[in-house]
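Participant:
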Amino acid sequence: MTRRGRTLWIVGVTVALVVAGVVSWYASSSPDGLEWAAERAGFAHTAEDSAAAGSPLADYLWNGEENRLSAGAAGIVGVLVTLGLAGGVTWLVRRRGVPGQG
Amino acid sequence: MCNKVDVVHVPDGFLDVPTSVATGALAAGTVALALRKARTELDDLTAPLAGLTAAFVFAGQMINFPVAAGTSGHLIGAVLTAVLVGPWTAVLCMTAVLLVQAVLFADGGLTALGTNVTLMALLAVVVGYGVFRGLAAVLPRTRTGVLTAAGVAAFLSVPAAALTFVGLFALGGAVDLPLGTVASAMTGVHLLIGLGEAAITVTIIGAVLAVRPDLVHGARGLGSAAVLEDRRPATVEVPR
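These protein sequences, in sequence, are chains A and B. Just so you know, we're using our numbering here: the first sequence kicks off at 1 and counts up by one. Just so you know, we're using our numbering here: the second sequence kicks off at 103 and counts up by one.
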């Protein structure tokens with residue numbers, strides 16, 4: 001990666017970490033559009049708990065603790081895992097060699 | 103009231119098993135194809151950007167913004183990702199986000215993962231990127247043209263995904279409801295959410311265009327002069 005590319009990448013990851021780790025606490029807690037529509041149309045009750053509901057990060061909280069630190073930690077873990085997964089997969093399938101000559 | 107994040111993708115239970123199996127098969131096939139096709143979009147320079155974009159979409163989806171009274175919406179990010187890193191790569195990035203959310207955060211059901219991938223990693227990308235390319239072809243080849251096309255595409259991608267869910271619910275919803283009831287409940291709120299989607303998409307693509315226009319997949323073919331200085335038509339494509 002070029003130096004400017006690296007700068008963009010570092011700035012981008014930092015912004016994502018701040019958004020997920022800090023800003024997310026201030027997100028609206030009103031029902032989401034789908035949830036709201038499901039209530040209104042009358043099928044919200046058909047939702048079932050996910051098999052992953054017991055995950056230590058379920059509901060974007062660390063061990064279910066409803067505080068800023070827990071929510072921030074969950075968000076940061078999510079950003080890093082997503083970065084690793086998507087970055088890893090795309091790195092593996094990329095064209096090898098010098099950019100622009102593939 | 104705690105402000106815990108409540109993103110809410112399609113949970114388990116909304117759709118019956120055959121429908122979930124069908125969307126799961128469609129999603130798996132799409133991802134398999136994308137793993138082959140994304141190669142043309144990814145190199146040493148763009149692959150790290152793809153990972154970053156996915157991480158950014160994960161973070162962005164945590165931010166529920168208020169729409170009409172008592173409702174909220176969040177970014178999907180399909181058009182944002184497709185315009186930044188290319189549509190096949192967007193399928194992979196969006197799927198990675200949805201997989202992490204479903205498995206680690208219990209957001210979106212596990213049996214509904216195929217449905218969520220179909221709606222947000224496939225449908226929203228296909229419709230959104232299709233609209234983007236269609237508009238970009240007729241709009242001026244400038245920074246404003248690219249951003250306008252991306253904004254309209256992002257806006258439309260949200261009701262398109264919502265209406266596709268309505269279609270799936272009509273085929274295999276857990277309860278029998280009149281199609282119109284589900285459609286009318288879903289459409290209005292998702293049109294509003296689409297406005298937020300467009301605003302976020304345009305802001306972020308605009309920021310990347312300002313610093314690294316060469317890295318924006320959907321802006322390829324714009325001469326760099328045309329990107330930086332609006333109004334000037336792109337005449338020369340500089341080979342790298």
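We treat Cβ as the ideally placed atom computed from N, Cα and C, and that holds for glycine. Only a predicted model underlies this, so the values are computations on that prediction, with no experimental measurement involved.
Measuring only the C-alpha atoms, how far is A328/B from A124/B?
Facilitator: The count along the second sequence starts at 1 and reaches residue 328/B at position 226. The count along the second sequence starts at 1 and reaches residue 124/B at position 22. Here the model assigns A328/B a pLDDT of 45, short of 50, so the residue's position is not dependable, and the following value carries that caveat. Approximately 45 Å, taken between the alpha carbons.
Participant: Measure the alpha-carbon distance for L215/B versus L200/B and round it to whole angstroms.
Facilitator: For the purposes of this step, residue 215/B is identified with residue 113 of the second sequence, where counting begins at 1. For the purposes of this step, residue 200/B is identified with residue 98 of the second sequence, where counting begins at 1. Taking the straight line from one Cα to the other gives about 7 Å.
Participant: Once the 5 residues before and after L258/B are set aside, which same chain residues still bring their CB inside 6 Å of it?
Facilitator: By one-based count along the second sequence, residue 258/B stands at place 156. Contacts found: V233.
Participant: List the residues that DSSP assigns as beta-bridge partners of E48/A.
Facilitator: Position 48 of the first sequence, counted from the first residue, corresponds to residue 48/A. The partner list for E48/A (beta bridge, DSSP) reads D114/B.
Participant: Check whether the Cβ of L69/A lies closer than 9 Å to any Cβ atom in chain B.
Facilitator: Numbered from its first residue, the first sequence carries residue 69/A at position 69. So no, L69/A is outside the interface.
Participant: DSSP has F167/B in a bridge; who is on the other side?
Facilitator: What you label residue 167/B is simply residue 65 of the second sequence in a count that begins at 1. For F167/B, which the question treats as bridged, DSSP gives the partners G175/B.
Participant: Give me the chain A residues within the contact set of T191/B, using Cβ-Cβ distance strictly less than 8 Å, ordered along the chain.
Facilitator: The sequence position of residue 191/B within the second sequence is 89, counting from 1. T90, listed in chain order.
Participant: When burial is assigned at 16 or more other CB atoms within 10 Å of the CB, is E331/B buried or exposed?
Facilitator: Counted from its first residue, the second sequence places residue 331/B at position 229. Interpretation of E331/B is limited by its pLDDT of 46, a score under 50 that renders its predicted location unreliable; the figure taken from the coordinates is listed afterwards. Its Cβ having fewer than 16 others within 10 Å, E331/B is exposed.
Participant: Do three or more CB pairs link the region 112-131 of chain B to the region 171-190 of chain B at distances below 8 Å?
Facilitator: Contact fails: fewer than three Cβ-Cβ distances are below 8 Å.
Participant: Quick check: V19/A and G298/B, are their CB atoms within less than 9 Å of each other?
Facilitator: What you label residue 19/A is simply residue 19 of the first sequence in a count that begins at 1. What you label residue 298/B is simply residue 196 of the second sequence in a count that begins at 1. No. Outside cutoff.
Participant: Alpha helix (DSSP H) containing V248/B: first to last residue?
Facilitator: In the second sequence, the residue the question calls residue 248/B occupies position 146. Segment R245 to G274, the alpha helix (DSSP H) holding V248/B.
Participant: Interface residues of chain B around W9/A at Cβ under 8 Å?
Facilitator: Working through the first sequence from its first residue, we reach residue 9/A at position 9. Going along chain B in sequence order, the residues near W9/A (Cβ under 8 Å) are P150, L151 and L154.
Participant: Identify which residue in G253/B, D114/B, V277/B and V112/B has its Cα closest to the Cα of V185/B.
Facilitator: For the purposes of this step, residue 185/B is taken as residue 83 along the second sequence, with counting starting at 1. Looking from the CA of V185/B, the closest CA among G253/B, D114/B, V277/B and V112/B belongs to G253/B.
Participant: Between the C-alpha atoms of V219/B and L34/A, what's the straight-line distance to the nearest angstrom?
Facilitator: Along the second sequence, one-based indexing puts residue 219/B at 117. Along the first sequence, one-based indexing puts residue 34/A at 34. Distance between the alpha carbons of V219/B and L34/A: 16 Å.
Participant: Which value, in whole angstroms, describes the spacing of the CA atoms of L206/B and A130/B?
Facilitator: Looking up residue 206/B in the second sequence gives position 104. Looking up residue 130/B in the second sequence gives position 28. Taking the straight line joining both Cα atoms gives about 20 Å.
Participant: In chain A, which residues lie with their C-beta within 8 Å of the C-beta of L137/B?
Facilitator: Position 35 of the second sequence holds residue 137/B. In chain order, V89 and V93 make up the part of chain A whose C-beta sits under 8 Å from the C-beta of L137/B.
Participant: If you measure beta-carbon to beta-carbon, which residues of the region 109-120 of chain B are closer than 8 Å to chain A?
Facilitator: V109, V110, H111, V112, P113, D114, G115 and F116
Participant: Taking Cβ positions, are V93/A and R138/B nearer each other than 9 Å?
Facilitator: Along the first sequence, read from residue 1 onward, the residue named residue 93/A stands at position 93. Along the second sequence, read from residue 1 onward, the residue named residue 138/B stands at position 36. Yes. Within cutoff.
Participant: From the beta carbon of R40/A, is the nearest beta carbon of chain B less than 9 Å away?
Facilitator: Position 40 of the first sequence holds residue 40/A. Taking a beta-carbon distance threshold of 9 Å, R40/A counts as an interface residue toward chain B.
Participant: To which residues of the same chain is A71/A closer than 7 Å at the C-beta, ignoring the five residues directly before and after it?
Facilitator: Taking the first sequence and counting its residues from 1, the one referred to as residue 71/A is at position 71. These residues qualify, in order along the chain: S24, W25, Y60 and L61.
Participant: Would DSSP call D59/A helix, strand or coil?
Facilitator: As a working mapping, residue 59/A is identified with position 59 in the first sequence. Correct three-state label for D59/A: helix.
Participant: Taking only heavy atoms of the ligand MN into account, decide whether any of them is closer than 8 Å to the Cβ of A136/B.
Facilitator: The ligand MN is absent from the structure shown, which contains no ligands of any kind.
Participant: Rounding to the nearest angstrom, what Cα-Cα distance links S122/B and T2/A in this structure?
Facilitator: Against the second sequence, residue 122/B aligns to sequence position 20. Against the first sequence, residue 2/A aligns to sequence position 2. Whole-angstrom Cα-Cα distance: 44 Å.
Participant: When DSSP builds the beta bridges, which residues end up paired with D32/A?
Facilitator: Residue mapping note: residue 32/A aligns to position 32 of the first sequence, counting from 1. In DSSP, D32/A forms a bridge with S174/B.
Participant: Give the DSSP-derived three-state secondary structure of T213/B in the structure shown.
Facilitator: What you label residue 213/B is simply residue 111 of the second sequence in a count that begins at 1. In this structure, T213/B counts as coil in the three-state DSSP scheme.
Participant: How would you write the range of the alpha helix (DSSP H) that E66/A sits in, first residue to last?
Facilitator: For the purposes of this step, residue 66/A is identified with residue 66 of the first sequence, where counting begins at 1. Counting along the chain, E66/A falls outside any alpha helix (DSSP H), and DSSP gives it neither H nor E.
Participant: How should Q101/A be labelled, buried or exposed, when 16 other C-beta atoms within 10 angstroms of its C-beta is the threshold for buried?
Facilitator: The residue labelled residue 101/A in the question sits at position 101 within the first sequence. Because the pLDDT at Q101/A is just 47, under 50, the model does not fix this residue reliably, and the point stays unresolved.
Participant: Since A208/B meets chain A, which of its residues come closer than 7 Å, beta carbon to beta carbon?
Facilitator: As a first step, residue 208/B must be located in the second sequence, where it is residue number 106. Within chain A, the residues near A208/B are S50, A52, A53, S55, A58 and D59.
Participant: Measuring alpha carbon to alpha carbon, tell me which of L225/B, G290/B and C195/B ends up nearest A263/B.
Facilitator: Here residue 263/B refers to the residue found at position 161 of the second sequence. Ranking the options by Cα distance to A263/B, first place goes to L225/B.
Participant: Is the region 270-279 of chain B touching the region 151-158 of chain B in the sense that three or more CB pairs, one from each, lie closer than 8 Å?
Facilitator: no
Participant: Need the endpoints of the alpha helix (DSSP H) that L241/B sits in, please.
Facilitator: In the second sequence, counting from the first residue as 1, residue 241/B sits at position 139. Looking at the DSSP string, L241/B is not in any alpha helix (DSSP H), and its letter there is neither H nor E.
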